[in-house]
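Comments concern the structure below.
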Ligand SMILES: Nc1ncnc2c1ncn2[C@@H]1O[C@H](COP(=O)(O)OP(=O)(O)OP(=O)(O)O)[C@@H](O)[C@H]1O
Ligand SMILES: [Mg+2]
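Right under this line is the structure:
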């Protein structure tokens, strides 16, 4: 502090000089003032101990915000907030207090280089408000609007995800292998990317699993709506715009894309049958228009393992589907979708996770009956969870009533399934009779 006082005279001297200079400057010819200013600048650059480094916000891939910029921004926000003269204030979702960060920042880094840089990465991981990106229509409803984002705040974790514990652990191990596998991927010459195909009936936890993955890894999520993408070029742009440490998701890929045929087969699209109410937009095998204005299967394949693989690393791509059998094998072969994860109807082990989450119990006398019923009938974890929710605030703690309600629902589902199977059998028998077979031929 003593040092600071002894320098105080310099401040007042500088102020006097600036005042005098402004008076003198007005009397001098313009050419002379320019020359004096240039000399002064040169003199100060020799005397100043500082070196100015500009980190460009966008990397060589022009769509990306560069990793070093993000790391420097996070580090400087944490390190220089108190000294900064220009601050940026944001009210983040779910937060009651203003989040203040440094607007335009500088730091001398204390002469250090790489240790501070890794500190920057650490700060990034700690501070980062993770984001959920979606692509949608552009301004005025036009197609091709690029990514927009909101805060990602899904509460799902692997602890709350109901599924067989052994299979769950397998997935967690796989994710860890990926996250920590930078050197390994470099060694084997593979792009640091991993594809997961999540398949299974509705309500079995595919979307919940994606949220749990993102929360576990601390990654951002890019939810890609294929039907809003107008061309292969736009698809490429969207992929390239994604940052590292992210999960790119294409939900219900069988609905947004007609991926059942083979790439080299005729490009004719199946005709719509009567009663076929599925009029959702589909992805054509090849460009529909001569100008190639639609995303195609080959376009999608190219970006999964072609150009996109060459840009950056640490990205996961996830497809979800209710109908794995309808997808083109090329799309889901190993190497593109490295791991296929089946999400199935609720088993007893999965039920126990839900019971712990929803009712805070690990045992109950009705568990035996529920186990038998779950083995005999198919109910999604979403339906089981719904039955475990208390019907009113008053019955919040009535565990037995919730479980009894579930038993009833399971019995009802079992009866309905049996009735449906019987009706189907009878319809098939009637059809066989119609085809001229004797009733005793029909089993
Ligand atoms: N395995 C599960 N563990 C915990 N909760 C689950 C699970 N499956 C479903 N749920 C609950 O049911 C709701 C719906 O599940 P989710 O959206 O993950 O199903 P999905 O498989 O993605 O269905 P869809 O095929 O219709 O998209 C979730 O919000 C969650 O509360
Ligand atoms: Mg889903």
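Residue numbers (the UniProt record's numbering): 1 to 443.
Cβ coordinates follow ideal geometry from the N, Cα and C atoms, glycine included.
Ligand 2 heavy atom lying under 7 Å from the CB of residue i
i	result
residue 342	no
residue 320	yes
residue 375	no
residue 251	yes
Terminal residues of the beta strand (DSSP E) in which residue i lies
i	result
residue 221	220-223
residue 315	315-321
residue 345	Note, residue 345: premise wrong, no beta strand (DSSP E); not H, not E.
residue 197	193-199
residue 229	Unbroken run through residue 229: none, as it is neither H nor E.
residue 391	Per DSSP, residue 391 belongs to no beta strand (DSSP E) and is neither H nor E.
Residue(s) in a DSSP beta bridge with residue i
i	result
residue 39	Beta-bridge pairing links residue 39 to no other residue.
residue 151	131
residue 237	DSSP output for residue 237 lists no bridge partner at all.
Pair within 8 Å by beta-carbon distance, residue i and residue j
i	j	result
residue 196	residue 337	yes
residue 250	residue 235	no
residue 389	residue 345	no
residue 410	residue 385	no
residue 232	residue 146	no
residue 221	residue 247	yes
residue 455	residue 320	There is no way to answer for residue 455, as the model of the chain reaches only from 1 to 443.
residue 208	residue 156	yes
residue 53	residue 68	no
residue 152	residue 216	no
residue 374	residue 331	no
residue 161	residue 214	no
residue 33	residue 41	no
Heavy atom of ligand 1 within 7 Å of residue i beta-carbon
i	result
residue 381	yes
residue 390	no
residue 207	yes
residue 362	no
residue 160	yes
residue 214	no
residue 166	no
residue 204	yes
residue 413	no
residue 350	yes
residue 409	no
residue 401	no
residue 385	yes
Same chain only: Cβ atoms within 6 Å of residue i, ignoring 5 sequence neighbours per side
i	result
residue 163	350
residue 16	none
Nonlocal neighbours in the same chain, by C-beta distance under 7 Å from residue i, ignoring five residues either side
i	result
residue 23	none
residue 149	131, 132 and 133
residue 423	none
residue 13	none
residue 405	387
residue 206	198, 200, 320 and 343
residue 179	217
residue 371	348
Cβ-based neighbour list, residue i, same chain, cut-off 8 Å, excluding 5 preceding and 5 following
i	result
residue 377	410, 413, 414 and 417
residue 364	355, 399, 400 and 403
residue 115	Because the pLDDT at residue 115 is just 45, under 50, the model does not fix this residue reliably, and the value given afterwards should be weighed accordingly. Around residue 115: no qualifying Cβ.
residue 182	192, 313 and 314
Where the alpha helix (DSSP H) containing residue i begins and where it ends
i	result
residue 422	399-434
residue 207	206-217
Below-8 Å beta-carbon distance, residue i vs any chain B residue
i	result
residue 364	Absence of chain B from the displayed structure is noted, only one protein chain being present.
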